[in-house]
Structure formats: C-alpha cells, structure tokens
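Protein chains: 4
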Amino acid sequence: MAVTKATSGRTSRERVHRAAVKLFATKGFHGTGIRDLAEAAQLSSASLYHYMPTKEQLLAEIMRDSLQSLLDAAHATLDGVDDPAERLDRLVVLHVTRHAREPQRTRVVDNEVDALSAASRRGVVGIRDAYEKLWADAIDDGLRNGTFTTGEPTATRLALLDMCNGVARWFSPRGPLPAAALAEHYADLARGMLGGPPRQR
Amino acid sequence: MAVTKATSGRTSRERVHRAAVKLFATKGFHGTGIRDLAEAAQLSSASLYHYMPTKEQLLAEIMRDSLQSLLDAAHATLDGVDDPAERLDRLVVLHVTRHAREPQRTRVVDNEVDALSAASRRGVVGIRDAYEKLWADAIDDGLRNGTFTTGEPTATRLALLDMCNGVARWFSPRGPLPAAALAEHYADLARGMLGGPPRQR
Amino acid sequence: MAVTKATSGRTSRERVHRAAVKLFATKGFHGTGIRDLAEAAQLSSASLYHYMPTKEQLLAEIMRDSLQSLLDAAHATLDGVDDPAERLDRLVVLHVTRHAREPQRTRVVDNEVDALSAASRRGVVGIRDAYEKLWADAIDDGLRNGTFTTGEPTATRLALLDMCNGVARWFSPRGPLPAAALAEHYADLARGMLGGPPRQR
Amino acid sequence: MAVTKATSGRTSRERVHRAAVKLFATKGFHGTGIRDLAEAAQLSSASLYHYMPTKEQLLAEIMRDSLQSLLDAAHATLDGVDDPAERLDRLVVLHVTRHAREPQRTRVVDNEVDALSAASRRGVVGIRDAYEKLWADAIDDGLRNGTFTTGEPTATRLALLDMCNGVARWFSPRGPLPAAALAEHYADLARGMLGGPPRQR
DNA sequence: CATGAATGAGCCTTCATTCAT
DNA sequence: TATGAATGAAGGCTCATTCAT
C-alpha cells in the first residue's frame with residue numbers, strides 16, 4: 001500500500017526489468033555487470049536474484065516477452081487484411097513504430113541473440129522465425145498475385161528487416177520526423193524496394 | 001622477414017589481429033577474453049601484449065584500419081565520377097561487397113563502437129562521419145539536380161546504410177546469390193528508395 | 001497438539017531436526033545450506049528460524065541431545081552391573097547398536113565437532129568425555145582385577161571407540177548381519193583386544 | 001635459483017598443496033575458503049589458479065596421490081611375503097604408521113570423499129578399493145589356511161580399517177607411545193581380532 | 001506460525017594487465 | 001620475441017540471517 005520512495009519503477013521486479021533493458025541496450029549484455037544492474041534497480045546484487053534465476057535467463061525472458069508481444073501485435077494488425085501490399089505496409093508500420101518508440105527493448109532483441117545459451121536461443125529464435133514468416137508470406141503472396149515485382153524476394157526481405165531494425169539505433173523523438181511519419185515513410189520505401197504500386201495518402 | 005613457423009597466420013601480429021576480428025565479431029568485444037584471444041592467436045596471453053597496447057586499443061585499431069580502408073576505397077571508386085546516381089551506385093556496391101566479403105571485420109566496426117573509450121571513439125567516429133558524408137553528398141547532389149526525388153533524404157540515407165550493413169549478418173558465399181550480384185541488387189533497391197531512375201544493365 | 005498437515009514429519013520442529021540430521025550426515029555441516037535445510041523440512045528458509053536460533057546452534061543442539069541420550073542409555077545399561085568385562089560388553093553393544101540403527105545422527109556427532117564454535121564445543125565435548133570415562137573406567141577396573149591384560153589401555157580404548165564409530169559409516173540393515181549380531185561380534189572383538197576371557201554365548 | 005623469502009614451502013605449488021592438506025584436514029573441504037588457502041600458501045587467490053584447475057580438483061589430486069602412494073607402499077611391503085598373518089601385520093603397521101605420521105593427509109583421504117564430484121570420486125574410490133582388497137585377500141588367505149579363525153571376516157576387516165584410520169585423529173608424537181610402537185600394538189590387536197596366533201617379539 | 005523481500009558478506013572463479021626472466 | 005608467475009579488481013552467484021507483514 002505504502003509507496004516508500006518516489007522511485008522510478010513501481011515494483012522491484014519492474015525496476016529490475018527496466019534496468020536490464022536499459023543497460024543491455026546501452027552497454028550490451030556482456031558489458032553489463034550484475035552490480036550495474038543492482039545499482040540501476042536500486043537493489044543489492046543479492047536481491048536481484050529474487051526476480052531472476054540468472055542474468056542470462058533474465059535476458060532470455062526479456063527477449064521472449066518482447067518478441068511475443070511483437071508477434072501478437074502483428075497478428076492483430078493483420079487480422080482480416082488480405083491485400084499483400086496492405087499487409088506489408090502494416091508490418092512495416094508496426095515494426096518501425098516499435099523500434100522508434102521502444103528502441104532499447106528492440107535493440108536488445110536485435111543485438112543480443114548471441115549472448116543466449118543454446119537452450120534459451122531456441123525459444124527466442126522460434127518466435128522470431130514465426131514473426132519473419134509473416135513478412136515472407138506477405139511478400140510471396142504479393143509476388144504471386146503480381147502486386148510486387150522484385151527478382152530477389154529473399155534478399156529484399158532481409159534488406160527490409162535490416163533497414164527497419166536500424167531505426168532503433170538512431171531515431172530520436174526530438175528529431176524532425178515523428179515516429180508515425182517515419183513509419184509511413186518506411187512503408188513507402190518498402191513499396192519502392194518490392195516494385196509495388198505507390199501508396200495512396 | 002624470417003618466417004619462424006608454418007602456422008596459419010603469417011606473423012604473430014597478423015594472427016593476433018585475425019583472431020581478434022573473428023572473436024570480436026562472433027562473441028562481441030566484452031564476450032571475448034584475453035585468453036580466448038591468446039589461444040586463437042597461438043600465443044600466451046602475456047605475449048599478446050607485444051602486439052597490442054590494450055585489448056580496447058586493439059579494437060580501436062581494428063576499427064580505424066577497417067574504416068580508413070573503406071573510406072580510401074570509396075574515394076578511389078568515386079574518383080572522377082560526377083553523376084550522383086552513379087556515385088551512389090558505386091558507394092552501395094562497394095559497401096555491400098565489403099560487408100559480404102568481410103563480414104567479421106565489418107560486423108565489429110558496425111556493432112562495437114559502444115565498447116570504445118571516449119578517446120578512441122572520437123577517432124573512429126570521425127572517419128565514419130567522413131565516410132557517411134560521401135553518401136549524404138551524393139544524395140543531396142542528386143536531389144539538387146533532380147535525379148533523386150525522396151522527401152526524406154536523411155531518413156532514407158540512414159535506411160540505406162542500415163540495410164547495407166545488415167548484409168554482414170546474413171550473407172553466405174554458399175547462398176544462391178554471389179556477392180557481386182547482391183551488390184547490384186542493392187544498388188537497384190537504393191535507386192528505388194531514392195526515387196531515382198532505374199539502372200541500365 | 002493440533003496436527004496441521006499430513007506431512008512426513010509430525011511437527012515442523014521435528015521435520016527441521018530430521019532434515020538437519022540427514023543433511024549434516026550426508027553433506028556435512030558446511031556442505032549443507034540453509035536452503036537445503038528449508039527444502040528438506042518443507043518450510044521457507046525464514047521459517048526455519050522459528051525452530052533454531054542459528055544453523056550452528058541447531059547442530060550443537062543435535063549433538064548435545066544425541067550424546068546425552070547415549071550417556072543416559074549407558075548409565076541405564078550399566079546400572080547394577082559390576083563385572084568390568086560385562087560392563088564393557090554392554091557399552092560396546094549399546095554403542096554399536098546405536099551406530100547401526102541411527103547412523104546419520106551418530107555420524108554427525110562423530111564428524112562435525114570441528115564445525116562447532118568454541119562455546120558450543122565445550123558443552124558437547126563435556127558430555128562426550130563423561131561418556132568415554134565410562135569406557136575408561138571399565139577398562140581400568142578390568143585391568144585392576146585381572147580381567148583384562150592389555151599393555152596399552154589408552155590406545156586400546158581409542159582403537160575400540162574408533163572401530164565402533166566406524167559402524168555408522170558402512171552398516172546396512174540389508175546386509176548379511178543384523179545390528180544385534182554385529183554388536184555381539186564387536187563385543188567379542190573387544191574382549192580379544194583387551195585380552196579378556198572369551199564370552200559365553 | 002634465488003630463494004626470495006625464508007618461507008615454509010619450497011615452491012608455490014608445494015605451498016599450495018601443503019596449505020590445502022592442512023586446511024582440508026583441519027576445517028574440512030567445505031569449511032575451507034579459497035581465501036584461506038591463498039593466505040596459507042602466501043599467494044593471492046588468483047594465483048592459486050596457476051597450481052590447480054579447481055578447488056575440488058585440487059582435493060581430488062591430493063587424495064589420488066595420497067592413496068596411490070599408500071597402495072604403492074603396500075605392494076612394496078608385501079612383496080615376497082606369503083604368510084597371511086605376516087601380510088596383515090605389515091598392512092597394519094604401514095597403515096598405522098602413515099596415519100600417525102601424516103595425520104592431515106590421511107584425514108583428508110578418509111573424511112572428504114563425499115566432497116568429490118562423481119567423476120573425481122570414481123578414480124579415488126578405485127584406488128581405495130584396490131588397497132582394501134589387499135586386506136581382504138590377506139584375511140581370506142589366512143582363513144583358508146587356518147591361520148585366522150574369525151566367523152565374520154567382512155565385519156572384522158571393516159572394524160580393523162576403522163580402528164586404524166582413527167589413529168590419525170588422536171595420535172600425537174608427543175604422547176607416551178611412539179608411532180612405531182603404536183603400529184606394533186595395533187598389529188597385536190589385529191591378530192587378537194582375527195583369532196590369529198600371538199606375534200613373536 | 002509462516003513467509004517474501006531484503007541484504008552484507010562471502011563464495012569460487014576469471015578478468016586484463018604487468019614484469020622478471 | 002616469448003612466457004610463467006603473479007595480482008587487484010571484478011565476474012556471477014549463494015550464503016546465513018533479519019524483519020515487516
């Protein structure tokens with residue numbers, strides 16, 4: 001009931017996860033010490049272990065949660081949409097928006113897969129593959145029905161994802177372009193790359 | 001001059017640098033221990049220090065060398081070329097080719113900037129900025145003379161670079177597309193993204 | 001009085017003591033963590049502290065209780081017995097039977113004295129000395145009245161005790177010899193070691 | 001060449017092993033911290049790792065070496081001796097002498113087997129079994145040719161070993177009985193326990 | 001009675017680095 | 001040039017214990 005301190009996070013668990021996301025994004029998983037984490041979470045390093053089994057499993061959980069939430073959002077935004085170009089637009093917009101608005105969380109997901117143990121990695125990569133399949137399907141469908149015309153669908157899909165991921169590295173909410181506008185622009189770029197029809201605005 | 005042993009690398013110095021590139025790319029700078037380095041370079045960890053002042057400065061040197069070589073190559077390939085679209089083509093082809101052919105070296109450059117001390121970072125970022133200015137100039141010139149038509153030159157330039165950097169993460173020489181063909185494809189994509197004229201082949 | 005749960009031990013206090021005996025015997029005092037104890041006692045580690053002041057004092061209490069009970073039993077079995085050989089027989093039989101039937105408890109007593117603080121140790125060693133004095137007295141009496149003939153009463157007494165203690169390390173109720181028969185055999189051995197008359201059966 | 005300090009051990013490696021034996025014997029393996037070890041060996045805790053792979057493997061090595069040396073000595077002392085009683089005498093004398101003269105080393109061997117990992121334990125127990133087989137064979141041979149008359153050879157062998165092991169716990173070179181005399185006395189005791197003929201002196 | 005949360009101290013081990021040889 | 005020996009600092013994690021609820 002009582003909030004003892006005016007601290008940033010609500011619960012200790014939340015503070016630990018927030019601190020981990022921030023530090024893993026900033027200094028990398030291997031560059032982040034358990035003591036850094038403790039300090040950022042306003043906890044002793046021993047207390048950290050009430051909220052995580054292991055530093056590595058904390059990373060795994062963050063990545064799984066983040067990817068699962070992205071996959072869920074993707075399913076939601078695609079629900080009932082048939083047109084491949086429209087589907088791809090929505091994927092790009094979702095992806096870019098996330099990366100612009102939650103750059104730390106997405107950077108961790110995109111950059112720290114190598115830090116996972118083989119066991120953890122399997123789970124994480126499984127979700128990521130399911131998510132990327134949504135992109136591949138939209139592109140394949142678009143090629144099949146003539147909406148898209150690229151000669152290199154696989155390379156183009158990877159180019160698309162890399163380009164969208166990059167947003168998390170440089171986007172600033174204080175920059176000239178708001179996240180929403182950037183996302184729209186990226187959707188335009190995607191159409192251009194796939195040889196699809198220009199979007200109506 | 002004398003070659004003391006018939007080992008994989010030519011000189012000890014070379015073996016150290018090769019080992020560092022491979023390990024920093026694979027496990028990250030913080031994930032690579034001095035003992036890993038020593039083992040991979042077939043040297044004792046003490047001997048390592050004949051060939052580097054510090055682990056961090058070894059990283060800095062690798063990054064500086066790699067970026068400088070890229071910048072030099074860029075100047076060379078742009079020499080005497082005026083057409084902005086052609087300049088951008090060449091930058092894309094050079095960049096993609098490098099990232100496909102030297103994925104480890106480029107991955108270190110692209111991912112480990114945060115591991116540098118402030119002092120080292122300055123030097124590295126300086127070269128990288130000079131390199132990226134070549135891209136910015138080509139795009140600006142193209143916009144000025146009407147070759148390109150994008151409304152968001154900055155965002156597009158960053159998208160372009162991120163997309164090209166990504167190649168180092170997934171390209172395989174055993175895949176369906178040779179590095180050279182991939183580079184050409186990426187140049188096409190770049191034209192599409194900037195609203196430039198399709199390339200002749 | 002109320003039995004709250006149908007668990008293996010009767011009360012929580014009993015479960016804690018049982019768990020401690022088992023674990024201290026199996027893994028040693030220093031090898032047993034407070035969490036091991038808690039898990040084995042089906043309690044949280046915090047709740048443990050309702051039933052013990054300290055891990056070390058729990059050990060001390062176990063040792064004191066066990067030794068006191070052995071001393072009491074020794075007094076009881078010796079009550080009214082005068083013949084030194086008979087006294088020694090009874091001590092051996094009691095000791096061996098205990099060690100065969102309660103190997104864990106006796107192993108803790110025999111092996112973990114060094115883990116006690118100086119303060120706790122004093123009390124424990126006091127009881128043990130009183131107990132060993134019963135052995136020494138029986139032997140001395142037997143020597144005085146010619147029942148025993150060993151030239152090294154002290155060394156022989158220690159040999160006797162060590163040999164009897166050892167039973168706790170290897171005796172199995174599923175072995176060929178029941179505890180009672182083993183105890184009788186050890187009494188025979190003791191007579192042989194002390195040069196006493198063979199026992200009647 | 002130069003001996004820098006008038007320290008107890010000759011080389012660092014020796015000091016580490018000596019310190020480990022002393023501390024493992026005194027405080028137990030689990031009761032001995034790596035820092036205790038380092039201090040006793042006059043080394044930093046980091047330097048310890050030049051001379052051992054792991055604290056547990058240091059224990060294993062000490063135990064293996066000690067047991068192997070005992071087994072070798074047993075083979076040597078039994079060489080060419082046929083009479084079972086004489087064989088057993090020699091085993092007892094060797095065993096007791098060792099335990100009296102090297103109480104720490106032998107205590108570690110006798111008490112810390114449980115601290116070994118399963119892998120290390122296998123090796124150690126293998127040697128110990130080979131050694132104990134020498135005792136069992138002597139006893140069996142003695143029974144077969146009528147030298148010994150015990151009805152419980154197995155229990156008696158275990159009693160014998162436990163009794164001899166105990167010496168390491170209490171023998172003092174400043175006590176009334178020298179190690180050699182104690183060993184002879186124990187050989188007498190062994191004869192008595194096995195129902196063998198009294199020894200000639 | 002019972003426990004979740006918390007922690008200072010300590011665990012074993014590895015870190016990057018230095019230096020005498 | 002090469003390295004074995006050495007180390008202070010730090011690594012991730014567990015320890016026994018306390019206390020508010």
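Residue numbers (full-length UniProt numbering), protein chains in the order written: chain A, 1 to 201; chain B, 1 to 201; chain C, 1 to 201; chain D, 1 to 201. We treat Cβ as the ideally placed atom computed from N, Cα and C, and that holds for glycine.
Exposure label - Ala-85/C; buried when at least 16 CB within 10 Å: buried
Short CB-CB distance (under 9 Å) between Ala-119/B and chain A: no
Short-range partners of chain D found in the segment 135 to 166 of chain C, where Cβ spacing is below 9 Å: Thr-150, Gly-151, Glu-152, Thr-154, Ala-155, Thr-156, Leu-158, Ala-159, Leu-160, Leu-161, Asp-162, Met-163, Cys-164, Asn-165, Gly-166
Contact set for Lys-5/A: own chain, Cβ-Cβ below 6 Å, skip 5 residues either direction: Any reading at Lys-5/A must be qualified, since the residue scores a pLDDT of 40, below 50, and its modelled position is unreliable; the value itself is stated next. The beta carbon of Lys-5/A sits closer than 6 Å to no other beta carbon from its chain once the five residues preceding and following it are set aside.
Euclidean distance between Cα positions of Lys-22/D and Leu-23/C: 25 Å
Distance between Gln-42/D and Ala-20/D (C-alpha atoms, nearest Å): If you take the alpha carbons of Ala-20/D and Gln-42/D, they lie about 12 Å apart.
Chain D contact residues for Asp-114/C, given Cβ-Cβ distances below 8 Å: Thr-26, Lys-27, Gly-28, Gly-31
Cross-chain neighbours of Met-193/A in chain B, by beta carbon under 8 Å: Leu-189, Gly-192, Met-193
Same chain, Cβ closer than 6 Å to Thr-77/C, neighbours up to 5 away in sequence not counted: Arg-90, Leu-94
Short Cβ contact (9 Å threshold) for Leu-194/B with Phe-148/B: yes
Minimum C-alpha distance to Leu-189/A - residue among Gly-175/B, Thr-150/B, Glu-184/B, Ser-172/B: Nearest C-alpha to Leu-189/A among Gly-175/B, Thr-150/B, Glu-184/B, Ser-172/B: Thr-150/B.
CB contact below 9 Å: Arg-169/A versus chain B: yes
Beta-carbon proximity list for Ser-117/D, same chain, < 7 Å, skipping 5 on both sides: Here the set comprises Glu-56.
Leu-94/D at chain C interface by Cβ criterion, 9 Å: no
Asn-145/A, DSSP secondary structure in three states: coil
Sequence-distant residues of its chain with Cβ nearer than 7 Å to Leu-143/C (five each side left out): Pro-153
Residue ranges of each alpha helix (DSSP H) within the segment 77 to 143 of chain D, 4 or longer: Secondary structure within the segment 77 to 143 of chain D: the alpha helix (DSSP H) runs of 4 or more consecutive residues, fully enclosed, are 84 to 101, 103 to 111 (chain order).
Chain A within 9 Å of Tyr-186/B, Cβ atoms only: yes
Thr-11/C versus Met-52/C: straight-line alpha-carbon distance, rounded: Answer to the nearest angstrom: the Cα atoms are 14 Å apart.
For Glu-39/B, three-class secondary structure by DSSP: helix
4-residue-minimum alpha helix (DSSP H) runs that sit fully inside the segment 139 to 198 of chain C, ordered along the chain: 153 to 170, 179 to 194
Under 9 Å between C-beta atoms of Gly-166/B and Glu-112/B: no
Simplified DSSP state of Tyr-51/B, which is helix, strand or coil: coil
Leu-43/A at chain B interface by Cβ criterion, 9 Å: no
Distance, Arg-101/A Cα to Ala-168/A Cα: Between Ala-168/A and Arg-101/A, the C-alpha separation is close to 8 Å.
Outcome for Ser-120/B when other beta-carbon atoms lying within 10 angstroms are tallied against a minimum of 16: buried
N-terminal and C-terminal residue of the alpha helix (DSSP H) that Ala-46/D is part of: It is not in any alpha helix (DSSP H) - Ala-46/D carries neither H nor E in the DSSP assignment.
Distance CB(residue 208/C)-CB(Arg-157/C) smaller than 9 Å: Any property of residue 208/C remains undetermined from this structure, which presents chain C solely from 1 to 201.
Phe-29/B, DSSP secondary structure in three states: coil
Beta-carbon proximity check, Leu-67/A vs Val-124/A, cutoff 9 Å: yes
is_contact[Leu-177/C, chain D] using C-beta, thresh 9 Å: yes
With 16 other Cβ atoms within 10 Å as the buried cut-off, status of His-17/A: buried
Short CB-CB distance (under 9 Å) between Leu-182/C and chain D: Leu-182/C belongs to the set of residues whose beta carbon lies under 9 Å from a beta carbon in chain D.
Gln-68/C (DSSP reduced to helix, strand or coil): helix
When Glu-132/A, Ala-180/A, Asp-114/A, Ala-155/A are compared against Phe-171/B, the one with the closest alpha-carbon: Ala-155/A
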